[in-house]
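>
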Amino acid sequence: MYDFPVKDSYTLDDLKRLTGILRAPDGCPWDHVQTHQSIRRDFLEETYEVLEGIDRDDPVLMREELGDVLFQVVFHAVIEEERGRFTLSDVITDVTRKMLIRHPHVFAGVKADSEAEVLTNWEQIKNESKGVKTASETLKLVPETFPALMKADKLLKRADKAGAEASEKLAGTLPEAVHAFETADKDAASAALGQLLMAVTAAAREKGVDPEMSLLEACKVFVARFEEAESKADSEGRPISEML
10 MYDFPVKDSY TLDDLKRLTG ILRAPDGCPW DHVQTHQSIR RDFLEETYEV
60 LEGIDRDDPV LMREELGDVL FQVVFHAVIE EERGRFTLSD VITDVTRKML
110 IRHPHVFAGV KADSEAEVLT NWEQIKNESK GVKTASETLK LVPETFPALM
160 KADKLLKRAD KAGAEASEKL AGTLPEAVHA FETADKDAAS AALGQLLMAV
210 TAAAREKGVD PEMSLLEACK VFVARFEEAE SKADSEGRPI SEML
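For the sequence shown, this note's numbering begins at 10 and goes up steadily by one.
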C-alpha cells in the first residue's frame with residue numbers, strides 16, 4: 010500500500026505522482042496495463058463530457074470533467090515518460106512557448122487591435138512553424154480524426170480563406186446533389202450522399218450557421234418528438250409509427 014497525503018488541495022505535481030503510483034507494477038492492475046490506444050476512446054469521451062458541461066453552463070459538471078481531461082493528459086504523458094520520449098514538463102513547456110510565439114501582439118510588440126488581426130497573425134505564425142507554403146497544405150493539416158461534418162466545415166473554411174469561394178460554389182450544387190442522391194443506385198449511394206453532405210455544409214457556411222450545432226439541435230428536437238409520440242402511442246394503444 011502506498012502512503013499518499015490527504016490534503017485540502019493538490020497540485021499538478023501531486024496528480025502526476027498519483028498517476029505514476031497507479032502505473033507502477035504494484036499499483037493498480039488496470040492502470041498498469043493501459044496504453045495510448047487502449048484509453049484513446051476514454052480521452053474522446055471525457056472531452057465530449059466537458060462540452061456537455063459547457064453547453065449546459067454547469068460549473069460543477071465542467072469542473073469535474075475538466076479534471077477528467079487533465080487526468081487523461083497526465084496519464085498519456087506519464088506513459089511517454091516511462092518510454093523516455095517526453096515528459097509532462099515537456100508538454101507544459103511546449104504549449105507555453107507556443108502561446109508566447111503565437112501572441113506577438115501581447116508579448117512581442119506586434120500590432121493587432123482586432124480579433125480579425127489576431128486570427129490572421131495566428132494562422133500565419135502557425136503555417137510558418139509547420140512549414141506550410143500552399144493552401145492545399147493547410148487543408149491536409151485538418152486532422153483525419155475530426156468528425157466528418159466538422160472536418161468538412163473546416164476544409165471549406167480554409168478553402169474560402171484561400172479565395173476559392175468553395176462554400177458559395179458547393180452550396181450552389183445542393184439541388185443537383187439532392188437529385189443525385191435520390192436517383193443513385195446502391196453502389197453509388199455512399200459517394201452521392203457524401204457530395205450531398207458536403208453541399209449542405211457549404212450551404213450552412215453561406216448562411217453563417219454551424220452545421221454541427223444545427224444537427225445537434227435537430228437531434229434534441231427528434232428525441233423530444235419521439236418521447237411525446239411514445240407517450241401518446243402508449244396512452245392510445247396505437248403503434249408509435251402513427252404518432253411520429
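For glycine and all other residues, C-beta sits at the position ideal for the given N, C-alpha and C.
Check each candidate in 100, 219, 59, 21 and name the one with the smallest Cα separation from residue 71.
Among 100, 219, 59, 21, the Cα nearest to that of residue 71 belongs to 59.
> Under the three-state reduction of DSSP, which class applies to residue 228: helix, strand or coil?
If DSSP states are grouped into helix, strand and coil, residue 228 belongs with the helices.
> Just mark residue 234 as buried or exposed, buried being the case when its beta carbon has 16 or more other beta carbons within 10 Å.
Its Cβ having fewer than 16 others within 10 Å, residue 234 is exposed.
> Suppose the cutoff is 7 Å on Cβ atoms and the five residues either side in sequence are ignored; what does the same chain contact list for residue 224 look like?
Only 158 meet the Cβ criterion.
> What number of angstroms, rounded off, separates the C-alpha of residue 113 from the C-alpha of residue 120?
So the alpha carbons of these two residues sit roughly 8 Å apart.
> Please report the distance separating the alpha-carbon of residue 180 from that of residue 215.
Using only the alpha carbons, I get a separation of about 7 Å.
> Quick one: what does DSSP say residue 114 is sitting in, helix, strand or coil?
Residue 114: helix per DSSP, three-state reduction.
> Please report the distance separating the alpha-carbon of residue 125 from that of residue 191.
Going by the C-alpha atoms only, they are around 41 Å apart.
> Taking Cβ to Cβ, would you say residue 167 is nearer than 7 Å to residue 134?
No, Cβ-Cβ distance for residue 167 and residue 134 is not below 7 Å.
> Compare the beta carbon distance of residue 164 and residue 176 with 7 Å and say whether it is the shorter of the two.
Cβ distance not < 7 Å, so residue 164 and residue 176 don't count as in contact.
> Can at least three beta-carbon pairs, one atom from the stretch 227-244 and one from the stretch 201-217, be found at a separation below 8 Å?
No, the stretch 227-244 does not touch the stretch 201-217.
> Closest to residue 103 by CA distance: which of 249, 86, 247 is it?
Here the closest residue by C-alpha is 86.
> Determine the extent of the alpha helix (DSSP H) in which residue 90 is found, giving its start and end residues.
Run containing residue 90: 68-92, per the alpha helix (DSSP H) assignment.
> What do you get for residue 90, buried or exposed, if any count of 16 or more other CB atoms within 10 angstroms of its CB means buried?
When all chains shown are included, residue 90 counts as buried.
> Beta-carbon separation of residue 77 and residue 55 under 7 Å?
Contact flag set, yes.
> Among the residues of its own chain, which have a CB less than 7 Å from the CB of residue 210, if the five just before and after it don't count?
Hits under 7 Å: 158, 161, 162, 165, 220.
> Keeping to the same chain, check which residues put their C-beta closer than 6 Å to that of residue 11; ignore five residues upstream and five downstream.
Cβ within range, chain order: 30.
> Where do the N-terminal and C-terminal ends of the alpha helix (DSSP H) with residue 174 fall, by residue?
Premise fails: residue 174 is in no alpha helix (DSSP H) and is neither H nor E.
> DSSP three-state label for residue 155, please.
It is coil, neither helix nor strand.
> Starting from the C-beta of residue 173, find all residues in its chain whose C-beta is less than 8 Å away, skip the five residues before and the five after it, and write them out in chain order.
Taken in chain order, the residues that qualify are 144.
> Using the beta-carbon count (16 or more within 10 Å), is residue 84 buried or exposed?
The residue in question, residue 84, is buried, as its Cβ has 16 or more Cβ neighbours within 10 Å.
> Can you tell me whether residue 121 is helix, strand or coil according to DSSP?
Three-state DSSP puts residue 121 in coil, outside helix and strand.
> In this structure, how does DSSP classify residue 52 when only helix, strand and coil are distinguished?
Three-state DSSP puts residue 52 in a helix.
> Between which two residues does the alpha helix (DSSP H) containing residue 206 stretch?
Unbroken alpha helix (DSSP H) run through residue 206: 195-216.
> By alpha-carbon positions, which one of 131, 152, 148 ends up nearest to residue 169?
Taking only the C-alpha atoms, the option nearest residue 169 is 148.
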